[in-house]
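Q: The structure's right below; bear with me while I get my questions together.
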Amino acid sequence: MSIASIIRERRSIHEFNDKPVDRSLVLRLLNDAVWAPNHGLREPWRFIYAEGEGKSKLVNGLMTILDKTKLKDATDEQKQKFLNHLNNVPAYLIVVMPEDPRPAIWEEDLEAVSCLIQNLQLLGWEEGIGMLWHTGDYIYNKKFRELAGVNPGEKIVGVLRLGYFDEAPKARQRTSAEELFTVLN
């Protein structure tokens, strides 16, 4: 499979099957993903992995937080459906970076971590692992951050949902580069 075809075929996966994701495979993928470009080789990333009991703790803590925010007006049935959805994710990978007070360094680090996450998604896709790069208000919640082991002075760049899947969503049209391309004369 070519890099171009992997880039074009990769999709965000929302529904996973029950096949577990081997932690050693995730580490192997991360060891390739860390070759992302990063200014000064700062390697501004850290990873927090949740599966099994750790995943249950993370999901239950998140549900407690969401029960007071996003899900406060939801019915018990809707809450249970959402809980089941979160529990059906085989593993979670939280990617964090240091929050440097210098804006240029902070931006360079965020860009580098974003490149790493895209590398990881493409490498995972090649192995049949789908991911959903998730962010939401909860990533700023102090209780969620403590529960997940995020240190003060770190930014959550993404909570990645990882797992094998049975069906990928259909591709949605992209704007051609020609329509967005300007040549300076």
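Per UniProt numbering, the sequence shown starts with residue 1, numbered consecutively.
All C-beta atoms in this analysis are idealised placements derived from N, C-alpha and C, irrespective of residue type, glycine included.
In or out: M141 buried (at least 16 other Cβ within 10 Å) or exposed?
A: The residue given as residue 141 occupies position 141 in the sequence shown. Note that residue 141 corresponds to Asn in the displayed sequence, not to Met. Buried, because 16 or more other Cβ atoms sit within 10 Å of the Cβ of N141.
Q: Kindly indicate which three-state DSSP category E154 falls into: helix, strand or coil?
A: Locating residue 154 in the sequence shown gives position 154, where the first residue counts as 1. Strand at E154.
Q: Between which two residues does the alpha helix (DSSP H) containing G61 stretch?
A: Walking along the sequence shown from the start, residue 61 turns up at place 61. Run containing G61: G52 to D67, per the alpha helix (DSSP H) assignment.
Q: Could you check what DSSP says for W106 in three-state terms: helix, strand or coil?
A: Numbered from 1 along the sequence shown, position 106 holds the residue referred to as residue 106. Three-state result, W106: helix.
Q: Determine the closest residue to Q173 out of R8, M1 and A4, with distance taken between C-alpha atoms.
A: Counted from its first residue, the sequence shown places residue 173 at position 173. That would be R8, whose Cα lies nearest to the Cα of Q173.
Q: Can you tell me whether L27 is buried or exposed, with buried defined as 16 or more other CB within 10 angstroms of its CB?
A: Residue 27 sits at position 27 when you count from the first residue of the sequence shown. Exposed is the call here.
Q: Label W45 either buried or exposed according to how many other C-beta atoms from any shown protein chain fall within 10 Å of its C-beta, with 16 as the threshold for buried.
A: The sequence position of residue 45 within the sequence shown is 45, counting from 1. With 16 or more other Cβ atoms within 10 Å, it is buried.
Q: Check this for me: beta carbons of A33 and L116, under 7 Å apart or not?
A: Position 33 of the sequence shown, counting from 1, holds the residue named residue 33. Position 116 of the sequence shown, counting from 1, holds the residue named residue 116. Contact flag set, yes.
Q: Would a C-beta distance cut-off of 7 Å place I13 and E126 closer than the cut-off?
A: Against the sequence shown, residue 13 aligns to sequence position 13. Against the sequence shown, residue 126 aligns to sequence position 126. No, Cβ-Cβ distance for I13 and E126 is not below 7 Å.
Q: Reducing DSSP to helix, strand and coil, say where R10 ends up.
A: Along the sequence shown, one-based indexing puts residue 10 at 10. Coil, per DSSP.
Q: Is it a yes or a no for the stretch 147–155 touching the stretch 53–69, going by three-plus beta-carbon pairs under 8 Å?
A: Contact between the stretch 147–155 and the stretch 53–69 is present, because at least three Cβ pairs lie under 8 Å.
Q: What beta strand (DSSP E) runs, 3 residues minimum, are completely inside the stretch 116–176?
A: You should have 129–134 and 154–164.
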